[in-house]
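Accompanying notes for the structure given below.
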Amino acid sequence: MTSTAFRRDREGHGRVSPVFLGIAAVTAVTGWAVWSGFAALPGLAVFLFVTSAWIVSLCLHEYAHARTALHGGDLTVGAKGYLTLNPLTYTHALLSIVLPVVFVIMGGIGLPGGAVFIERDRIRGRWRHSLVSAAGPLANVLLALVCTAPFWLGQAGAMPTGFRFALAFLALLQVGAALLNLLPVPGLDGYGIVEPWLSHRVRRQVEPFAPFGLIAVFVLLFEPSVNQAFFGLVDGVLEGLGVAGSDTYCGWDAYRFWEDADAVCAAAAAVPAR
0 MTSTAFRRDR EGHGRVSPVF LGIAAVTAVT GWAVWSGFAA LPGLAVFLFV TSAWIVSLCL
60 HEYAHARTAL HGGDLTVGAK GYLTLNPLTY THALLSIVLP VVFVIMGGIG LPGGAVFIER
120 DRIRGRWRHS LVSAAGPLAN VLLALVCTAP FWLGQAGAMP TGFRFALAFL ALLQVGAALL
180 NLLPVPGLDG YGIVEPWLSH RVRRQVEPFA PFGLIAVFVL LFEPSVNQAF FGLVDGVLEG
240 LGVAGSDTYC GWDAYRFWED ADAVCAAAAA VPAR
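Under numbering that gives the first Met the number 0, the first residue of the sequence shown is numbered 0, with each subsequent residue one higher.
In structure tokens:
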């Protein structure tokens, strides 16, 4: 990697896309509306805040893959627009953005999307290949720590209750995405981490199943026992970070504004911050 390549990346292909900035602006405005209570439809504000923030996190997930690949030797990621954070440049925009949002709406599941296209032959060394795959889930881990910071710092009570619920639900999505993506299932980043260490024969045998890994995980999550075990693990991680299960539940309840609100959650959301 030459300094010229990095300079060319910074001056051109690495500029942040107006599309991403627009999504980030929606996140900021709706987040302020939820925080201040300045919204005619509080549930809609929560929905827009969490959805736009989730899309921002998906962009950062893919950016982490691309940036790590750039440092690993794949200079083509800049020309492909992956470093601009523009979701429209992804190889599989449907898998990377649309389906993960649909999964959140359907079941509150932070299912990871399709990865950016990395030219693996340009990257040398198994550790670098593994790091490229690990970068995305690590971005979700970092975002989960950011979302839960007020909780593990003991400042959750200082936030407006409705915003606390929304932030807790957003944290649940980040933790869920990180855990799911680290599964060693073909097509997910977890498999990408271990794949460089497998024999060529094993990789050839597994390769045909890669397009179906994400679908298989999604289907399994609707099996009650699997769903309960998975969300039990997610809740355990969140509780370790200071986030109560009641907060994530009420955040999920507020997010689905088109359904009747839970009476307990609605009453709690009306209580002002301490």
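Note that CB positions come from ideal geometry on N, CA and C, so glycine has one too. As the structure is a prediction and not an experimental result, all values here were calculated from the model.
For a quick check, are the C-beta atoms of residue i and residue j less than 7 Å apart?
i, j, result
"glycine 72", "tryptophan 251", "no"
"leucine 20", "cysteine 58", "no"
"leucine 130", "threonine 67", "yes"
"leucine 181", "proline 136", "yes"
"leucine 110", "phenylalanine 217", "yes"
"histidine 64", "valine 115", "yes"
"arginine 163", "alanine 155", "yes"
"threonine 75", "glutamate 118", "yes"
"aspartate 246", "alanine 167", "yes"
Could you pull out every residue in the same chain whose Cβ sits closer than 6 Å to the Cβ of residue i, ignoring the five residues on either side in sequence?
i, result
"serine 56", "Leu142"
"alanine 266", "none"
"proline 183", "Gly189, Tyr190, Val193"
Can you have a look at residue i and say buried or exposed, based on whether 16 or more other CB atoms are within 10 angstroms of its CB?
i, result
"glycine 11", "Residue placement at glycine 11 cannot be trusted, given a pLDDT of 46 that sits under 50; what the coordinates show is reported in the next sentence. Exposed: under 16 other Cβ atoms inside 10 Å."
"tryptophan 277", "As displayed, the chain neither begins before 0 nor continues past 273, which places residue 277 out of reach and without an answer."
"phenylalanine 221", "exposed"
"aspartate 82", "Aspartate is not the amino acid found at residue 82; the sequence shown has leucine there. Buried, because 16 or more other Cβ atoms sit within 10 Å of the Cβ of leucine 82."
"glutamate 61", "buried"
"valine 101", "exposed"
"histidine 199", "exposed"
"aspartate 259", "exposed"
"arginine 125", "exposed"
"aspartate 120", "exposed"
"glycine 239", "exposed"
"glycine 153", "exposed"
"proline 99", "buried"
Under the three-state reduction of DSSP, which class applies to residue i: helix, strand or coil?
i, result
"glutamate 258", "coil"
"aspartate 73", "coil"
"leucine 197", "coil"
"glutamine 173", "helix"
"valine 242", "coil"
"valine 15", "coil"
"phenylalanine 208", "helix"
"tyrosine 89", "coil"
Using a Cβ-Cβ cut-off of 7 Å (strictly less than) and excluding sequence neighbours within five positions of residue i, which residues of its own chain qualify?
i, result
"valine 25", "Leu47, Ser51"
"threonine 29", "Ala44, Leu47, Phe48, Ser51"
Under 8 Å by Cβ, that's how I've got residue i and residue j pegged, so tell me the actual separation to the nearest angstrom.
i, j, result
"leucine 172", "tryptophan 53", "6 Å"
"glycine 241", "threonine 147", "7 Å"
"glycine 298", "alanine 253", "The first residue shown for the chain is 0 and the last is 273, placing residue 298 beyond what the model contains."
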